[in-house]
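**Student:** The opening residue of the sequence shown carries number -16 in our numbering; numbering runs sequentially from there. We put the CB at the ideal spot given by N, CA and C, even for glycine.
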Amino acid sequence: MTDLVLILGDQLTPQISSLSQASPQTAHIVMAEVTDEAFYVRHHKRKLAFTFSAMRHFRDALRATGWNVTYFTLDAGLASLREAVARTLQDGSYKRVLVTEAGEWRLHQEMRSWADTLGLPVLVAEDGRFLASHDDFARWAEGRKQLRMEYFYREMRKRTGLLMDGDKPVGGQWNFDKDNRKPAEASLFMPPRHATPVDAVTQEVLDLVADRFAEHPGSLDRFDLPVTRAEAEQSRDHFMQHALPGFGDYQDAMLAAEPLLYHSNLSTALNAGLLDPLDLCQRAEREYREGRAPLNAVEGFIRQILGWREYVRGIYWREGPDYVRRNALDARRPLPDFYWTGETDMTCLSKAIGQTLELGYAHHIQRLMVTGLFAMLADVDPFEVHEWYLAVYTDAYEWVEAPNVIGMSQFADGGLLGSKPYAASGAYIDRMSDYCSDCKYDVKQKTGPTACPFNALYWDFLARHDATLRGNPRLGPVYRNWDRMDADRQSALRNSAGAFLASL
Ligand code: FAD
Ligand code: DLZ
Ligand code: SF4
């Protein structure tokens, strides 16, 4: 054998660039469950089980198509992926190591030193599973004062031809976001959900994770994530048929008893390489063109994948490894313990966190406008917030998690990703969810011990960060409202927020 190909746990795609440069006749593959990857954050148990089960299924699929694969399970006791490569190199006379670039700076930087320490060439190929390459993003970003997602998205629509009629967007509009903000009623009919049954490979992994990762957050109960390409495709088809038509209308809605609503829950499979982003967008477009799903749903879904997903990845690699340490608002509070337990009287937080610990899943608005919003209003250290998100969601890898957390939800990059902080009071959560009707706090009350904490925190946040945020043109009207309040009202709000923060 001349080539040793390393495949990482989120590179489970038969056409991955490292493999497409090799052939079963001349290459050997190595995959490994290693402690460095398993412990670099306190991954949710479900994320660990998903990763190991999907890796083991991918190993079996590779072997079935003629590849030789060395696979180290966690029991082999290897610390790192480098060690797995070094160990396998001892068993042959290889000429080079092939690997597709990692999705996190941490590992990407480490790989740069491998050629020296392993003593043979290590070819790191670009990850071709994205619709915009590093060069595409760099070309788009070049010379722009602001890197706004909307303009990137329009460019991507034109380039891919998705939802285009010639050079015009289908429906005469690029973006139907304003049609995607309906609150959901608890009585709303919900689409049936797809659950993948647990097979013997997954069961073995569930036992391993329960045994070896008992201290990690989250539950393994009712594990139902797809762990093979075929299962992920079934999940995809089920979503397209049952939930995509309602995806647009209720995209921003939150219901305590319905974690998924009309969301796809496909991000975990997609990020691990079990699904293809272009294929997902094309299938969604077909649902619209053939009259089975409305335009606001299909455009909304395509925008998340073709727009947001590609855009945040571009930002992550462009901004470099220190991006996760940005802290534009100088927020220093430790992450409250209830993020790891869900034990708080604030129903919105206890439901969103409880659901996260149960499933390793929360949809976008829960992540942005409940857990993210609270952390930002309470001045929680963005790096701690980032580590929490990276740990608790089954779809979390830094390339996609960090820009969403550091940039979009915490405004810790000072406005690179979003033109203003996503700050809101309890009224927003009340409008978009059914959480407040079952809460100890009163969302209509602004100050005092029984008032919704988000209300005073919202104004206190704006007052605390006056020097940094007042100049933001999009916050002008909000600061004018603050200025119009009399001094007593202002100090009541600030005292209420101060008392709450002190109690955390
Ligand atoms: P759907 O609502 O069905 O959306 C369809 C697909 O669009 C998703 O599967 C996902 O691939 C993509 N998508 C949607 N929104 C985004 C976005 N903002 N950025 C990138 N892709 C997007 N997504 C992750 O994949 N991993 C993360 O670690 C992650 N962390 C986040 C942290 C915060 C604070 C926020 C606000 C968002 C985060 N997101 C992350 C984006 C988004 O919340 C998830 O992609 C989505 O909730 C996954 O659920 P779904 O598959 O049901 O998505
Ligand atoms: C997430 C994860 C975990 C928990 N374990 C492994 C592992 O043991 N072996 C592996 O190859 N990959 C794992 N992964 C995925 C990697 O962490 C991921 O490839 C990097 O973070 C780069 O995106
Ligand atoms: Fe959350 Fe406030 Fe509503 Fe309670 S009242 S659920 S704390 S927004």
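Around the C-beta of D396, are 16 or more other C-beta atoms found within 10 angstroms, so that it is buried, or is it exposed?
**Tutor:** Your numbering for residue 396 matches position 413 in the sequence shown. Classification for D396: buried.
**Student:** Return the chain-ordered list of same chain residues with a C-beta closer than 7 Å to the C-beta of R414, the five sequence neighbours on each side being excluded.
**Tutor:** Taking the first residue of the sequence shown as 1, we reach residue 414 at position 431. So the qualifying residues of the chain are P166.
**Student:** Find out if the Cβ-Cβ distance for the pair N438, S408 is shorter than 8 Å.
**Tutor:** Within the sequence shown, numbered from 1, the residue matching residue 438 stands at position 455. Within the sequence shown, numbered from 1, the residue matching residue 408 stands at position 425. Yes. Within cutoff.
**Student:** Between which two residues does the alpha helix (DSSP H) holding I288 run?
**Tutor:** Looking up residue 288 in the sequence shown gives position 305. Counting along the chain, I288 falls outside any alpha helix (DSSP H), and DSSP gives it neither H nor E.
**Student:** Can you name, in chain order, every residue of its own chain whose Cβ lies under 6 Å from the Cβ of V52, other than the five neighbours on each side?
**Tutor:** Here residue 52 is taken as the residue at index 69 of the sequence shown, counted from 1. Only I12, R42, L45 and R46 meet the Cβ criterion.
**Student:** Any chance the CB of H26 is under 7 Å from a heavy atom of ligand 2?
**Tutor:** On the sequence shown, position 43 is the one that residue 26 refers to. Under cutoff, so the answer is yes.
**Student:** May I have a chain-ordered list of the alpha helix (DSSP H) segments no shorter than 4 residues that lie completely inside the segment 398 to 435?
**Tutor:** 409 to 415
**Student:** How should T100 be labelled, buried or exposed, when 16 other C-beta atoms within 10 angstroms of its C-beta is the threshold for buried?
**Tutor:** By 1-based counting over the sequence shown, the position of residue 100 is 117. The residue is exposed, with fewer than 16 neighbouring Cβ atoms inside 10 Å.
**Student:** Strictly by DSSP, which residues pair up with M147?
**Tutor:** Working through the sequence shown from its first residue, we reach residue 147 at position 164. Paired residues: P152.
**Student:** Taking the alpha carbon of D235 as the reference point, which residue from G86, S416, Q265 and K151 has its own alpha carbon closest?
**Tutor:** Locating residue 235 in the sequence shown gives position 252, where the first residue counts as 1. Nearest option by C-alpha distance: S416.
**Student:** How many angstroms separate the CA atom of I348 from the CA atom of S392?
**Tutor:** The count along the sequence shown starts at 1 and reaches residue 348 at position 365. The count along the sequence shown starts at 1 and reaches residue 392 at position 409. Approximately 10 Å, taken between the alpha carbons.
**Student:** Any residue with its C-beta under 6 Å from a non-hydrogen atom of ligand 3 counts. Can you list them all in chain order?
**Tutor:** M329, T330, C331, G409, I412, D413, Y418, C419, C422, Y424, V426, C435, P436 and F437
**Student:** Are the CB atoms of L360 and Y441 nearer to each other than 8 Å?
**Tutor:** For the purposes of this step, residue 360 is taken as residue 377 along the sequence shown, with counting starting at 1. For the purposes of this step, residue 441 is taken as residue 458 along the sequence shown, with counting starting at 1. Yes, they are a contact pair.
**Student:** Return yes when at least one heavy atom of ligand 2 lies under 7 Å from the C-beta of L72, else no.
**Tutor:** Position 89 of the sequence shown, counting from 1, holds the residue named residue 72. Every heavy atom of ligand 2 is 7 Å or more from the Cβ of L72, so no.
**Student:** Hey, would you say the C-beta of G355 is under 7 Å away from at least one heavy atom of ligand 1?
**Tutor:** Within the sequence shown, numbered from 1, the residue matching residue 355 stands at position 372. G355 Cβ: within cutoff of ligand 1.
**Student:** Give the single residue among Q8, S36, W88 and A67 whose Cα lies nearest to the Cα of Y23.
**Tutor:** Position 40 of the sequence shown, counting from 1, holds the residue named residue 23. When only C-alpha atoms are compared, the closest one is W88.
**Student:** How would you call N163, buried or exposed, if buried means at least 16 neighbouring beta carbons within 10 angstroms?
**Tutor:** In the sequence shown, the residue the question calls residue 163 occupies position 180. Label assigned to N163: buried.
**Student:** Using three-state DSSP, classify Y54 as helix, strand or coil.
**Tutor:** Counted from its first residue, the sequence shown places residue 54 at position 71. Y54 falls in the strand class under three-state DSSP.
**Student:** Quick check: is any heavy atom of ligand 2 less than 7 Å from the C-beta of V17?
**Tutor:** As a working note, residue 17 is residue 34 in the sequence shown. Correct: V17 has its Cβ closer than 7 Å to ligand 2.
**Student:** Kindly indicate which three-state DSSP category D(-14) falls into: helix, strand or coil?
**Tutor:** As a working mapping, residue -14 is identified with position 3 in the sequence shown. Residue state, collapsed to three classes: strand.
**Student:** Is R301 near F120, with beta carbons less than 8 Å apart?
**Tutor:** For the purposes of this step, residue 301 is taken as residue 318 along the sequence shown, with counting starting at 1. For the purposes of this step, residue 120 is taken as residue 137 along the sequence shown, with counting starting at 1. Taking 8 Å as the Cβ cut-off, R301 and F120 qualify as a contacting pair.
**Student:** Is the CB-CB distance between N254 and V383 below 8 Å?
**Tutor:** On the sequence shown, residue 254 is found 271 positions in, with the first residue counted as 1. On the sequence shown, residue 383 is found 400 positions in, with the first residue counted as 1. In contact: N254 and V383 (Cβ atoms closer than 8 Å).
**Student:** Rounded to whole angstroms, what is the Cα-Cα separation between R447 and Y462?
**Tutor:** Against the sequence shown, residue 447 aligns to sequence position 464. Against the sequence shown, residue 462 aligns to sequence position 479. For R447 and Y462, the distance between alpha carbons rounds to 12 Å.
**Student:** Check this for me: beta carbons of V363 and L318, under 8 Å apart or not?
**Tutor:** Position 380 of the sequence shown, counting from 1, holds the residue named residue 363. Position 335 of the sequence shown, counting from 1, holds the residue named residue 318. The Cβ-Cβ distance between V363 and L318 falls below 8 Å.
**Student:** Considering only heavy atoms of ligand 2, does any lie closer than 7 Å to the CB of A239?
**Tutor:** Stepping through the sequence shown from its first residue, residue 239 is reached at position 256. Answer for A239: no, Cβ out of range of ligand 2.
**Student:** Would you mind stating whether A178 and D220 have Cβ atoms separated by less than 8 Å?
**Tutor:** Position 195 of the sequence shown, counted from the start, is the residue given in the question as residue 178. Position 237 of the sequence shown, counted from the start, is the residue given in the question as residue 220. Using a Cβ distance threshold of 8 Å, A178 and D220 do not count as a contacting pair.
**Student:** With a cut-off of 8 Å, do at least 3 Cβ pairs link the segment 267 to 286 to the segment 139 to 150?
**Tutor:** yes
**Student:** DSSP has M14 in a bridge; who is on the other side?
**Tutor:** Within the sequence shown, the letter at position 31 stands for residue 14. Partner(s): Y54.
**Student:** Quick one: complete alpha helix (DSSP H) runs, 4+ long, within the segment 15 to 44?
**Tutor:** Positions of the alpha helix (DSSP H) runs, each at least 4 residues long and wholly inside the segment 15 to 44, are given as 18 to 22 in order along the chain.
**Student:** Among T56, Q92 and R286, which has the Cα closest to the Cα of R137?
**Tutor:** Within the sequence shown, residue 137 is the residue found at index 154, counting from 1. Nearest option by C-alpha distance: R286.
**Student:** In angstroms with no decimal places, state the Cα-to-Cα distance between L64 and K30.
**Tutor:** Position 81 of the sequence shown, counted from the start, is the residue given in the question as residue 64. Position 47 of the sequence shown, counted from the start, is the residue given in the question as residue 30. If you take the alpha carbons of L64 and K30, they lie about 18 Å apart.
**Student:** What three-state label does DSSP hand V181 in the structure shown?
**Tutor:** Numbered from its first residue, the sequence shown carries residue 181 at position 198. If DSSP states are grouped into helix, strand and coil, V181 belongs with coil.
**Student:** Taking the alpha carbon of K334 as the point to measure from, which residue in C264, P404, S420 and S3 has its own alpha carbon closest?
**Tutor:** The sequence position of residue 334 within the sequence shown is 351, counting from 1. Comparing Cα-Cα distances from K334 to each of C264, P404, S420 and S3, the minimum goes to S420.
**Student:** For A252, collect the residues of the same chain with a Cβ closer than 6 Å to its Cβ; drop the 5 residues on either side in sequence, then sort them by chain order.
**Tutor:** The sequence position of residue 252 within the sequence shown is 269, counting from 1. Correct list, in chain order: P209, A215 and L258.
**Student:** Which same chain residues end up closer than 6 Å to W157 when comparing Cβ atoms and leaving out the 5 residues on each side of it in sequence?
**Tutor:** Here the question's residue 157 lines up with position 174 in the sequence shown. Answer for W157: R137, listed in chain order.
**Student:** So the alpha helix (DSSP H) T83 belongs to, where does it begin and stop?
**Tutor:** In the sequence shown, the residue the question calls residue 83 occupies position 100. Counting along the chain, T83 sits inside no alpha helix (DSSP H); it lies in the beta strand (DSSP E) bounded by residues R79 to T83.
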